[in-house]
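Just so you know, the protein sequences line up as chains A and B, in that order.
Numbers 1 to 190, taken from the numbering used here, label the letters of the first sequence in order.
Numbers 1 to 190, taken from the numbering used here, label the letters of the second sequence in order.
From the three backbone atoms N, C-alpha and C, an ideal C-beta is built for every residue, glycine too.
Notes to accompany the following structure.
Protein chains: 2
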Amino acid sequence: MPKLWTDTVGEHRRAVREAAVDATARLVAEHGLASVTMSQIAAEAGIGRATLYKYFPDIEAVLIAWHERQVSAHLDQLAHIADQPGSPGQRLEACLHGYARMIRGRPHGADISALLHRGEHVEQAHELLTELLAGLLAQAARSGDVRDDVTPAELAAYCVHALGAAAEMHSEAALRRLVTVTCAGLRSPR
Amino acid sequence: MPKLWTDTVGEHRRAVREAAVDATARLVAEHGLASVTMSQIAAEAGIGRATLYKYFPDIEAVLIAWHERQVSAHLDQLAHIADQPGSPGQRLEACLHGYARMIRGRPHGADISALLHRGEHVEQAHELLTELLAGLLAQAARSGDVRDDVTPAELAAYCVHALGAAAEMHSEAALRRLVTVTCAGLRSPR
DNA sequence: AGCTTATCAAGACACTGTGTCTCTATCAAT
DNA sequence: ATTGATAGAGACACAGTGTCTTGATAAGCT
């Protein structure tokens with residue numbers, strides 16, 4: 001039973017918390033979402049099971065923490081892509097392509113909502129992503145690169161779901177085609 | 001605790017099996033997917049828990065049976081829509097609209113894959129749907145209504161995922177717009 | 001009909017995972 | 001250095017699972 005103490009308590013708690021989330025990430029990657037248990041997480045993190053309950057009230061909380069870390073990293077990456085110079089249309093396409101690449105081969109990534117009873121956090125993450133895209137879409141609509149007969153929010157929902165197909169795409173070329181098709185849906189009809 | 005419900009055994013087994021699936025449907029609708037247990041199903045179906053194990057080896061099996069019934073009904077409905085007279089493009093759009101209407105307000109509907117470890121059956125259902133759409137798309141591509149620079153299978157995956165956004169659409173009008181946008185992505189670029 | 005066999009329903013048991021309680025060991029502040 | 005706070009982990013009660021066994025009932029055979 002390792003105690004893994006650092007010098008200060010606050011730092012220690014942060015370290016243990018992170019170790020638990022790391023362990024969760026490993027277990028999810030290896031055995032899938034549904035089969036992860038508190039017992040496994042505690043064992044994998046090298047702490048007692050009861051101790052884990054001092055950090056998280058239940059598995060949902062651990063999974064939410066893991067998901068939040070995953071999502072915020074992705075959102076940061078996307079925000080960085082969106083901040084690159086270029087026309088609104090170019091930046092939008094770059095963002096969509098980046099998102100598709102994140103999704104590829106990760107069929108579980110977004111389906112946590114099915115496991116979590118109260119999916120507040122998942123919904124919030126979804127909203128942040130949607131807002132980011134909606135902002136880009138609104139800009140692109142103003143510059144004429146994107147249709148304006150549908151609200152940016154609805155277009156963003158369309159984009160996120162359409163690019164979810166990236167999970168099934170087996171090649172980089174297929175992924176490109178998916179982004180192309182998705183972007184075609186965004187263009188103004190004439 | 002009824003012992004035998006009908007006169008013949010074969011009929012009885014079918015009746016019990018159906019009652020179990022019905023009970024599962026009620027429980028899923030009321031409490032969500034993740035919290036359904038064998039105990040609840042048995043109680044709701046009016047049989048002993050151990051008896052339920054004579055019909056299904058575990059919860060996955062029950063959920064798969066429920067899902068299969070759900071999906072086959074939807075597929076029949078879509079096949080019927082696809083068989084209506086009209087141009088390939090019209091039939092395709094009618095099908096997409098029908099699918100979107102099925103998805104609407106059913107966020108759990110397709111997310112079972114996250115719960116099932118070995119999602120063979122779910123994948124198979126997904127494949128059947130994809131094949132149905134791919135057939136329509138191939139026809140529409142031949143008649144020029146749909147782009148031919150992307151394979152029908154990839155376009156079908158795009159459609160299914162894009163229309164998954166229907167779960168978040170709050171009005172019939174929004175749903176129509178979603179179908180319109182999705183169809184716009186399918187059209188040949190010129 | 002009467003007997004035998006197959007099999008259905010359900011009670012009982014062992015096992016796993018959960019969430020809480022409690023006790024000991026260690027840190028932090030006075 | 002003493003005292004208070006808190007982390008860690010063992011222990012307990014509970015819920016759900018999957019299997020085994022026992023008694024009851026339908027189906028098949030003579």
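Point to revise | Cβ of A:His161 within 9 Å of any chain B Cβ | key: yes
Review point. Would you say the segment 130-150 of chain A touches the segment 121-128 of chain B, given that touching needs at least three Cβ pairs under 8 Å?
Key: no
**Study point:** Span of the alpha helix (DSSP H), counted from its first residue to its last, around A:Gln124
**Key:** 120-142
Exercise for review: Select from the segment 56-87 of chain B all residues with a C-beta closer than 7 Å to any C-beta belonging to chain A, and list them in chain order.
Suggested key: none
**Study point:** N-terminal and C-terminal residue of the alpha helix (DSSP H) that B:Gln40 is part of
**Key:** 38-45
Review point. Listed from N- to C-terminal order along the chain, which residues in the segment 124-154 of chain A have their beta-carbon within a distance smaller than 7 Å of any beta-carbon of chain B?
Key: Val150, Glu154
Check your understanding: At which residues does the alpha helix (DSSP H) containing A:Arg104 begin and terminate?
Key -> Looking at the DSSP string, A:Arg104 is not in any alpha helix (DSSP H), and its letter there is neither H nor E.
Check your understanding: Assuming A:Ile64 contacts A:Val16 under a Cβ cut-off of 8 Å, what Cβ separation, rounded to an integer in Å, is found between them?
Key -> Going by Cβ atoms, the distance from A:Ile64 to A:Val16 rounds to 17 Å, so no, they are not a contact pair.
Practice item. Assign B:Asp145 to one of three DSSP states: helix, strand, or coil. Key: coil
Practice item. Go ahead and pull the three-state DSSP assignment for A:Ala15. Key: helix
Check your understanding: Exposed or buried, B:Arg14, counting other C-beta atoms within 10 Å across all chains shown (16 or more means buried)?
Key -> exposed
Check your understanding: What span of residues does the alpha helix (DSSP H) with A:His170 cover, start to end?
Key -> Premise fails: A:His170 is in no alpha helix (DSSP H) and is neither H nor E.
Check your understanding: Over what stretch of residues does the alpha helix (DSSP H) that includes B:Leu63 continue unbroken?
Key -> 59-82
Review point. Taking 9 Å as the CB-CB limit, is B:Gly185 close to chain A?
Key: yes
Check your understanding: Can you find a CB in chain B that lies within less than 9 Å of the CB of A:Ala174?
Key -> yes
Exercise for review: Take A:Ala173 as the anchor and find which of A:Ala141, A:Asp83, A:His97 has the nearest alpha-carbon.
Suggested key: A:His97
Point to revise | Buried or exposed by the 16-neighbour rule on C-beta atoms within 10 Å, applied to B:Tyr53 | key: exposed
Review point. Is A:Ala156 near the ligand GTP, judged by its Cβ being under 8 Å from some heavy atom?
Key: The ligand GTP is not among the ligands present in this structure, which contains no ligands whatsoever.
Check your understanding: Would you say B:Arg177 reaches chain A, if we count a Cβ-Cβ gap shorter than 9 Å as a contact?
Key -> yes
Practice item. Check whether the segment 167-185 of chain A touches the segment 132-141 of chain A, taking contact to mean three or more Cβ pairs, one atom from each stretch, closer than 8 Å. Key: no
Practice item. Write down the C-beta distance between A:Leu155 and A:Leu137 rounded to the nearest angstrom, noting that I regard them as a contact closer than 8 Å. Key: 5 Å
Exercise for review: For A:Gly185, collect the residues of the same chain with a Cβ closer than 8 Å to its Cβ; drop the 5 residues on either side in sequence, then sort them by chain order.
Suggested key: Tyr158, Ala162
Check your understanding: CB-CB under 7 Å to A:Ala110, same chain, minus the five flanking residues each way: which ones, in chain order?
Key -> Residue confidence is low: A:Ala110 scores 48 on pLDDT, short of 50, so the model does not pin down where it sits. Its coordinate-derived value is still stated next. These residues qualify, in order along the chain: Gly164.
Check your understanding: At a CB-CB cut-off below 8 Å, which residues of chain B make contact with A:Tyr158?
Key -> Ala162, Ala165, Leu178, Val181, Thr182
Practice item. Using three-state DSSP, classify B:Phe34 as helix, strand or coil. Key: Looking at the sequence shown, residue 34 of chain B is not Phe but Ala. Three-state DSSP puts B:Ala34 in coil, outside helix and strand.
**Study point:** B:Thr88 in three-state terms, based on DSSP
**Key:** Reading off the sequence shown, one finds Pro at residue 88 of chain B, where the question assumed Thr. It is helical.
Exercise for review: Report the rounded CA-to-CA distance for A:Ser87 versus A:Pro152, giving the unit in angstroms.
Suggested key: 17 Å
Review point. Would a check of beta-carbon distances place B:Glu168 closer than 9 Å to chain A?
Key: yes
Exercise for review: In angstroms with no decimal places, state the Cα-to-Cα distance between B:Ala45 and B:Ser39.
Suggested key: 10 Å
Point to revise | Per-residue burial, A:Arg190 [other beta carbons within 10 Å of its own, 16 or more giving buried] | key: exposed
**Study point:** Straight-line Cα distance separating B:His31 from B:Glu68
**Key:** 20 Å
Review point. Run through DSSP, which three-state label would B:Thr24 get?
Key: helix
Exercise for review: Starting from A:Pro152, follow the alpha helix (DSSP H) in both directions and report where the run begins and ends.
Suggested key: 152-163
Check your understanding: Considering only residues of the same chain and omitting the five flanking positions on each side of A:Ser188, which have a CB-CB separation below 6 Å?
Key -> Arg147
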